[in-house]
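Residue numbers (the numbering used here): 5 to 285.
Beta carbons: idealized from backbone N, C-alpha and C, even for Gly.
What follows is a set of notes on a single structure, which appears directly below.
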């Protein structure tokens, strides 16, 4: 049975939005954290009505939320550092590709089992990362690896915590220390508010990050459990969208993704798709 058309449209829209806000963040990362701080705040405020309306936090969920909040802060810092050191079109595929591989390894270390087909996905992802690393974007692997580690940790902890907390509430609460802490630190260290001059791109970064999450949840709500791996695989089309958007929006020819980087991203996407679909085997 194929995916519902609406679910397909929602997950592809989510992937596009996720790619878009990452590309925009990559433009601002070399100049500091202001755009990211403002964007996080905008997204967090926009999420507030959903989090409150769907509020559900069991007592067992608070510990997971505390750990996730720590990884959320780590992810924020590492992502900005990565984008300041490597182009988004090179760092994003590596980070998104390594994360599911690391989740797989954590699952095995915890005594879990994984489908044999998942090994093929890991192999294809590895080829994609090696292709990327052998080109001009070699430093993207070093820059993106810590991002993948923090994303893996957040994902693994959240997968347990979501058994006790509503998804919207979980995201909102796990973001709260990051948003409130970064704004407070920024105001204490610099006299000018990060909101003094908010560019249009900043709104897209903030609202896009939250909207991408909500759209994915909406798509998951429309499919059966057996179709969830397909949604997860399609969600990673963001890797391909990043390459396309980076190409279309590059201000200089040498800032565009190289054919080698694009090929590496294609391998990574294929490997992630195999990993996601392996969960249904």
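Collapsed DSSP secondary structure at residue i in the structure displayed
i, result
"residue 187", "helix"
"residue 75", "helix"
"residue 180", "helix"
"residue 227", "coil"
"residue 91", "coil"
"residue 286", "Nothing can be reported for residue 286, as the shown portion of the chain is limited to 5 through 285."
"residue 263", "helix"
"residue 80", "helix"
"residue 150", "helix"
"residue 277", "helix"
"residue 9", "helix"
"residue 119", "coil"
"residue 36", "coil"
"residue 203", "coil"
"residue 193", "helix"
DSSP beta-bridge partners of residue i
i, result
"residue 169", "61"
Whether residue i touches residue j by CB criterion (9 Å)
i, j, result
"residue 95", "residue 43", "no"
"residue 213", "residue 22", "yes"
"residue 239", "residue 18", "yes"
"residue 279", "residue 126", "yes"
"residue 61", "residue 170", "yes"
"residue 69", "residue 178", "yes"
"residue 224", "residue 209", "no"
"residue 103", "residue 159", "yes"
"residue 282", "residue 100", "no"
"residue 252", "residue 270", "no"
"residue 54", "residue 172", "yes"
"residue 40", "residue 50", "no"
Heavy atom of the ligand HEM within 8 Å of residue i beta-carbon
i, result
"residue 144", "Ligands in the displayed structure: none, and consequently the ligand HEM is not present."
Inter-residue spacing [alpha-carbon to alpha-carbon] between residue i and residue j
i, j, result
"residue 35", "residue 263", "28 Å"
"residue 124", "residue 190", "45 Å"
"residue 7", "residue 275", "21 Å"
"residue 254", "residue 260", "6 Å"
"residue 10", "residue 226", "8 Å"
"residue 119", "residue 203", "46 Å"
"residue 107", "residue 207", "31 Å"
"residue 15", "residue 232", "11 Å"
"residue 56", "residue 77", "22 Å"
"residue 268", "residue 64", "41 Å"
Cβ of residue i within 9 Å of any chain D Cβ
i, result
"residue 186", "In the structure shown, chain D cannot be found, because there is only a single protein chain."
- Query: Counting Cβ pairs closer than 8 Å, one from the region 140-158 and one from the region 72-82, do we hit at least three?
  - Reply: Yes: the two stretches touch, three or more of their Cβ pairs being nearer than 8 Å.
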